[in-house]
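Undergrad: Heads up, the sequence shown is in the numbering used here, so the first residue is 1 and it goes up one at a time. Each residue gets a CB set at the ideal place from its N, CA and C atoms; glycine is no exception. Every value quoted in this text rests on a predicted model; they were computed, and no experiment measured them.
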Amino acid sequence: MATQEGARTRVAVACQGGGSHTAFTAGVLQGMLMGCPPDVDIVALSGTSGGAICATLAWEGMLRRNHDLAFSKLGGFWKRMAARGLVDKFTNQALMSVMSLRDRMVLPEVSPYQLPTWSADYFRDVLLEFFDFDELRKLAAQDDAPALKIGAVEVLSGHFELFTGTELRVDHAVDEIWLIQINPSTAPSVPTETHEILDRRNALSGNLSMEQELRFIQSINRAIARGDLQNPRFRPIRISRIALDRDLDSRTKLDRRPGLLEELREHGRTKWRWFAKERAEARGP
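1. In three-state terms, what does DSSP make of Gly151?
2. Taking 8 Å as the cut-off, decide whether the C-beta atoms of Gly151 and Ser46 are in contact.
3. Go to Glu266, then tell me how far its alpha helix (DSSP H) extends in each direction, as first and last residue.
4. When you compare each of Gly35, Lys79 and Phe163 to Lys271 by their alpha carbons, which one comes out closest?
5. Following a CB-centred definition, is Arg222 positioned closer than 7 Å to any heavy atom of the ligand GDP?
6. So what does DSSP say about Arg246, is it helix, strand or coil?
7. Grab me the residues of Cys15's own chain with a C-beta within less than 6 Å of its C-beta, minus the 5 sequence neighbours each way, in chain order.
8. Since Gln30 is in the alpha helix (DSSP H), which residue starts that stretch and which ends it?
9. Can you tell me whether Gly17 is helix, strand or coil according to DSSP?
10. Measure the C-alpha to C-alpha separation of Asp39 and Val126 and round it to an integer number of angstroms.
11. Kindly indicate the opening and closing residues of the alpha helix (DSSP H) around Gly61.
12. Which class does Ile224 belong to by DSSP, given the choice of helix, strand or coil?
13. How long is the line joining the alpha carbons of Ser157 and Arg283, rounded to whole angstroms?
14. Starting from Leu136, trace the beta strand (DSSP E) in both directions and tell me its first and last residue.
15. Report the option in Gly19, Arg64, Arg215 and Gln93 whose CA atom is closest to the CA atom of Trp78.
16. According to DSSP, Thr9 sits in a beta bridge with which residue or residues?
17. Nearest-angstrom Cα distance between Arg169 and Ile220?
18. Identify whether Gln181 lies in helix, strand or coil by the three-state DSSP scheme.
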């Protein structure tokens, strides 16, 4: 969909979750913040799990009108999450070794509730280091603040909850959705090994609700194109994906090696440059 000549394009950015793989999302957002097309207004960000953290860090930079700060925080957060200390490196390697063994033999399962809480405490401390929630609530009250929407599910009831930083206003109707996708939509071959089956099941379950939402938008687009839906409240929305196209299995979503996280961020920045170039070429002069 092309907007009218001279009109600005209103974009919502959606960030899929995926553990350590979400460092890719941080890289994409870093590229976006420092090189967003001049005709684009980012009017909303959303995310789940690690994608929610990345979206919120970018949102904060937009609220403060300080993209350099957001760029720095997106990189700083993943550096803090990386396994850098001797004990942390050993723990990370031990976890990866256990995950590899599970691909070859049956191992006893251990509930996370039976493990020490130091990792959860550390994660909570990192969040408090990077987010001043009271100040963010005040900043979110600005009239021109972009919307923020965080998805979560209540474990006991299965109820899906949407937390909003600011509401998406009528004057912020969206023209495009940029989806930063972590889980692959397709598989190169039929999974036959146990770990391959688990990887594919993980990807499909992570994509299920996302694909349902995207198909609903596409059905609305088709109805508008056919003339079946003429309500002026609805407009066609272009959907674009910026996908993590690396061959990574699901266990690496728990891998916090600094080299891996930095490589994923750099790949995200590269994919953003490709996306921005292809978008500009498609729109023409």
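TA: Short version:
1. Reading the sequence shown from its first residue, position 151 is the one you call residue 151. Correct three-state label for Gly151: strand.
2. Residue 151 sits at position 151 when you count from the first residue of the sequence shown. Residue 46 sits at position 46 when you count from the first residue of the sequence shown. In contact: Gly151 and Ser46 (Cβ atoms closer than 8 Å).
3. Taking the sequence shown and counting its residues from 1, the one referred to as residue 266 is at position 266. That run of the alpha helix (DSSP H) goes Pro258 to Arg283.
4. Your numbering for residue 271 matches position 271 in the sequence shown. Considering only alpha carbons, the answer is Gly35.
5. The model depicted lacks the ligand GDP and carries no ligand whatsoever.
6. For the purposes of this step, residue 246 is identified with residue 246 of the sequence shown, where counting begins at 1. Arg246: coil per DSSP, three-state reduction.
7. Residue numbering aside, residue 15 sits at position 15 when the sequence shown is read from its first letter. Around Cys15: Thr25, Gly47, Gly51, Cys54, Ala55 and Ile180.
8. Along the sequence shown, read from residue 1 onward, the residue named residue 30 stands at position 30. Its alpha helix (DSSP H) spans residues Ala23 to Gly35.
9. What you label residue 17 is simply residue 17 of the sequence shown in a count that begins at 1. Of the three classes helix, strand and coil, the one that applies to Gly17 here is coil, per DSSP.
10. By one-based count along the sequence shown, residue 39 stands at place 39. By one-based count along the sequence shown, residue 126 stands at place 126. Those two C-alpha atoms are separated by around 35 Å.
11. For the purposes of this step, residue 61 is taken as the residue at position 61 of the sequence shown. Gly50 to Leu63 is the extent of the alpha helix (DSSP H) around Gly61.
12. Position 224 of the sequence shown, counted from the first residue, corresponds to residue 224. Here Ile224 sits in helix by DSSP.
13. As a working mapping, residue 157 is identified with position 157 in the sequence shown. As a working mapping, residue 283 is identified with position 283 in the sequence shown. Cα to Cα, Ser157 sits roughly 46 Å from Arg283.
14. By one-based count along the sequence shown, residue 136 stands at place 136. It is not in any beta strand (DSSP E) - Leu136 instead sits in the alpha helix (DSSP H) that spans Phe133 to Leu139.
15. For this step, residue 78 is matched to residue 78 along the sequence shown. For Trp78, the nearest C-alpha among the options comes from Gly19.
16. Here residue 9 refers to the residue found at position 9 when the sequence shown is read from its first residue. Thr9 is bridged to Val40.
17. Looking up residue 169 in the sequence shown gives position 169. Looking up residue 220 in the sequence shown gives position 220. With a pLDDT of 49 at Arg169, under the threshold of 50, the modelled position of that residue is not reliable, and no figure is offered here.
18. If you number the sequence shown from 1, residue 181 lands on position 181. Gln181: strand per DSSP, three-state reduction.
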